[in-house]
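J.:
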Amino acid sequence: MTLPKVFVSRVIPDEGLNPIREACRATVWEDELPPPRDALLRSIEGCDGILTLLTDRVDDEFLERAGSQLKVVSNFAVGFDNVDVPACTTRGIPVGNTPGVLTETTADLAWTLLMAVARRVAEGDRYVRAGRWKTWGPMLLMGPDVHGSTLGIVGFGRIGQAMAKRAQGFGMRVLYHDLSRADPAIEQELGATYLPLEELLPRCDFVSLHVNLSPQTQGLLNAERLRWMRPSAILVNTSRGPVVDSMALVDALRGGVIAGAGLDVTDPEPLPADHPLLTLDNCLVVPHIASASRATRGKMASMAAANLLAGVRGEHLPTPVNPEVYDRAT
Ligand code: GLV
1034 MTLPKVFVSR VIPDEGLNPI REACRATVWE DELPPPRDAL LRSIEGCDGI LTLLTDRVDD
1094 EFLERAGSQL KVVSNFAVGF DNVDVPACTT RGIPVGNTPG VLTETTADLA WTLLMAVARR
1154 VAEGDRYVRA GRWKTWGPML LMGPDVHGST LGIVGFGRIG QAMAKRAQGF GMRVLYHDLS
1214 RADPAIEQEL GATYLPLEEL LPRCDFVSLH VNLSPQTQGL LNAERLRWMR PSAILVNTSR
1274 GPVVDSMALV DALRGGVIAG AGLDVTDPEP LPADHPLLTL DNCLVVPHIA SASRATRGKM
1334 ASMAAANLLA GVRGEHLPTP VNPEVYDRAT
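For the sequence shown, the working numbering puts the final residue at 1363, and the numbers step up evenly by one.
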């Protein structure tokens, strides 16, 4: 029996790579950097399954080059804005993602950014390393309290709700916004109050973004909406970079429209070292690592492998993003 041919577009943890290598003829892109487009398109030709990362664009051209035998695209991420899902569905190709397993780990990092920007942790570290720490300073590096403040959560799905849980431990007031209201039982359990965005933003000390990237959320935090925030407010983004207008954010941080920002995701991504955001002391940037705990990346790998292997075997994916593809096939 010939084993299915698959391409894995980067080295992922063994929890995923081992079962794939055992069950398939697998080619793995071993470089630290993603395959350039040409190499990606060459590598996927004739594959039965492809494991992609959020740095790989899956579109018509990609699907054409892979060929009509392609049975599955398994994305190693919960987000799938890099995948043209309707194009996959039209061709009858299920797309998998990795929901659930990274919820708490991502909320941990969002919380880390919130705390770190509020309490000026990165600035303090730079201050010490620069040899500027001469004495205990009564006025040194003061910031706002986190406990007892108001947190606004934009996007109240799994990760947004995990933020609300953390806020409870800090005695915070929690406001949220989403396309629709959460179940009243969830609102009550998490002590969260729904508000339209224009009412939420002016009331918050911290605003944390947890929406998917879509045409509706692209540029959601633009110059106008940043102005709705308090001058003392801190923005945290662990969703997708383009949800915030980067140049509007630079202006807002420079001009005191808001007080600070903690970013795990940026637009563009990666952020060039000479980007204006990186000249600002009140902006903390980390390189899209919200799900990067060892345990969580292992679980994501195992889940992405399970989707890939189910797909090449013609079985239903455990976590498809386009389950309608199965209605279409029957
Ligand atoms: C990471 O950003 C993911 O979507 O899993």
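Cβ coordinates follow ideal geometry from the N, Cα and C atoms, glycine included.
#1: Which residues count as close to the ligand GLV when the rule is a CB under 5 Å from any of its heavy atoms, in chain order?
#2: To the nearest angstrom, how far is the alpha carbon of V1354 from that of T1131?
#3: Hey, could you find the ends of the beta strand (DSSP E) L1242 is sitting in?
#4: Consult DSSP for R1236 and reduce its assignment to one of helix, strand or coil.
#5: Using only alpha-carbon positions, find the residue among N1270, P1264 and R1236 that is nearest to T1250.
#6: Compute the Euclidean distance between the alpha carbons of P1052 and G1347, then round it to the nearest angstrom.
#7: Out of L1036, V1061 and T1035, state which residue places its alpha-carbon closest to the alpha-carbon of P1046.
#8: Please go through the same chain and pick out, in chain order, the residues whose beta-carbon is closer than 8 Å to the beta-carbon of P1264, but skip the five residues on each side of it.
#9: Between the C-alpha atoms of E1063 and A1140, what's the straight-line distance to the nearest angstrom?
#10: Within 10 angstroms of its Cβ, does D1216 collect 16 or more other Cβ (buried), or is it exposed?
#11: Going by beta carbon distance, what residues of the same chain come within less than 6 Å of R1214, once the five residues before and after it are set aside?
#12: Going by DSSP, what residue range makes up the alpha helix (DSSP H) through N1051?
#13: With a 10 Å radius around its C-beta and 16 neighbouring C-beta atoms as the bar for buried, classify Q1194 as buried or exposed.
#14: Comparing alpha-carbon positions, which option in D1071, H1321, D1238 and Q1201 lies nearest E1222?
#15: I'd like to check one pair, G1125 with G1344: are the Cβ atoms closer than 8 Å?
#16: Go ahead and pull the three-state DSSP assignment for S1107.
#17: What are the complete alpha helix (DSSP H) segments, minimum 4 residues, inside the segment 1253-1305?
#18: Here's the rule I'm using: 16 or more other beta-carbon atoms within 10 Å means buried, otherwise exposed. How should W1144 be labelled?
#19: Assess, as a yes-or-no matter, whether the segment 1176-1193 is touched by the segment 1146-1157 under the definition of 3 or more beta carbon pairs within less than 8 Å.
#20: Tell me the rounded alpha-carbon separation between L1350 and L1173.
#21: Starting from the N-terminal side, write out each stretch of the alpha helix (DSSP H) that is 4 residues or longer and does not extend beyond the segment 1163-1233.
#22: Since I believe T1123 is in contact with G1106 (beta carbons under 8 Å), could you give me their beta-carbon distance rounded to a whole number of angstroms?
#23: Quick check on C1316: does DSSP put it in helix, strand or coil?
#24: To which residues of the same chain is P1127 closer than 7 Å at the C-beta, ignoring the five residues directly before and after it?
#25: How would you write the range of the alpha helix (DSSP H) that I1077 sits in, first residue to last?
#26: For V1386 and P1235, what's the separation of their Cα atoms in angstroms?
#27: Would you give the residue range spanned by the beta strand (DSSP E) that F1040 belongs to?
#28: Which one or two residues does DSSP pair with A1059 in a beta bridge?
T.: Quick look at the numbers:
#1: A1110, V1111 and G1112
#2: For the purposes of this step, residue 1354 is identified with residue 321 of the sequence shown, where counting begins at 1. For the purposes of this step, residue 1131 is identified with residue 98 of the sequence shown, where counting begins at 1. If I take the Cα positions, the gap works out to 9 Å.
#3: Taking the first residue of the sequence shown as position 1, residue 1242 is located at position 209. Counting along the chain, the beta strand (DSSP E) containing L1242 begins and ends at F1239 to L1242.
#4: If you number the sequence shown from 1, residue 1236 lands on position 203. Helix, per DSSP.
#5: Position 217 of the sequence shown holds residue 1250. Per the Cα distances, N1270.
#6: Taking the sequence shown and counting its residues from 1, the one referred to as residue 1052 is at position 19. Taking the sequence shown and counting its residues from 1, the one referred to as residue 1347 is at position 314. About 17 Å.
#7: Position 13 of the sequence shown holds residue 1046. The shortest C-alpha separation from P1046 is found at V1061.
#8: On the sequence shown, residue 1264 is found 231 positions in, with the first residue counted as 1. G1289, V1290, I1291 and A1292.
#9: Residue mapping note: residue 1063 aligns to position 30 of the sequence shown, counting from 1. Residue mapping note: residue 1140 aligns to position 107 of the sequence shown, counting from 1. When rounded, the distance between both Cα atoms is 30 Å.
#10: Taking the first residue of the sequence shown as 1, we reach residue 1216 at position 183. Exposed, because fewer than 16 other Cβ atoms sit within 10 Å of the Cβ of D1216.
#11: Along the sequence shown, one-based indexing puts residue 1214 at 181. So the qualifying residues of the chain are Y1227.
#12: Residue numbering aside, residue 1051 sits at position 18 when the sequence shown is read from its first letter. Residues D1047 to A1056.
#13: Reading the sequence shown from its first residue, position 161 is the one you call residue 1194. Counting Cβ neighbours within 10 Å, Q1194 comes out buried, since at least 16 surround it.
#14: The sequence position of residue 1222 within the sequence shown is 189, counting from 1. For E1222, the nearest C-alpha among the options comes from Q1201.
#15: Numbered from 1 along the sequence shown, position 311 holds the residue referred to as residue 1344. Numbered from 1 along the sequence shown, position 92 holds the residue referred to as residue 1125. Cβ distance not < 8 Å, so G1344 and G1125 don't count as in contact.
#16: Here residue 1107 refers to the residue found at position 74 when the sequence shown is read from its first residue. Correct three-state label for S1107: strand.
#17: Listed in chain order, the alpha helix (DSSP H) elements of length 4 or more contained wholly in the segment 1253-1305 are 1256-1261 and 1279-1287.
#18: Residue numbering aside, residue 1144 sits at position 111 when the sequence shown is read from its first letter. Looking at its Cβ environment, which holds 16 or more other Cβ atoms inside 10 Å, W1144 is buried.
#19: yes
#20: Here residue 1350 corresponds to residue number 317 of the sequence shown, with the count starting at 1. Here residue 1173 corresponds to residue number 140 of the sequence shown, with the count starting at 1. Between L1350 and L1173, the C-alpha separation is close to 54 Å.
#21: You should have 1191-1202, 1217-1223 and 1230-1233.
#22: As a first step, residue 1106 is located in the sequence shown; it is residue number 73 there, counting from the start. As a first step, residue 1123 is located in the sequence shown; it is residue number 90 there, counting from the start. The amino acid at residue 1106 is misidentified as Gly; the sequence shows Val. V1106 to T1123, Cβ: 13 Å. No contact.
#23: Reading the sequence shown from its first residue, position 283 is the one you call residue 1316. DSSP places C1316 in strand when its eight states are reduced to three.
#24: Along the sequence shown, read from residue 1 onward, the residue named residue 1127 stands at position 94. Hits under 7 Å: V1105, G1344, L1350, P1353, N1355 and V1358.
#25: The residue labelled residue 1077 in the question sits at position 44 within the sequence shown. From DSSP, the alpha helix (DSSP H) with I1077 extends over R1070 to I1077.
#26: Because residue 1386 is not part of the residues shown, which for the chain are 1034 to 1363, the question remains open.
#27: As a working note, residue 1040 is residue 7 in the sequence shown. Counting along the chain, the beta strand (DSSP E) containing F1040 begins and ends at K1038 to V1041.
#28: Along the sequence shown, read from residue 1 onward, the residue named residue 1059 stands at position 26. For A1059, which the question treats as bridged, DSSP gives the partners V1039.
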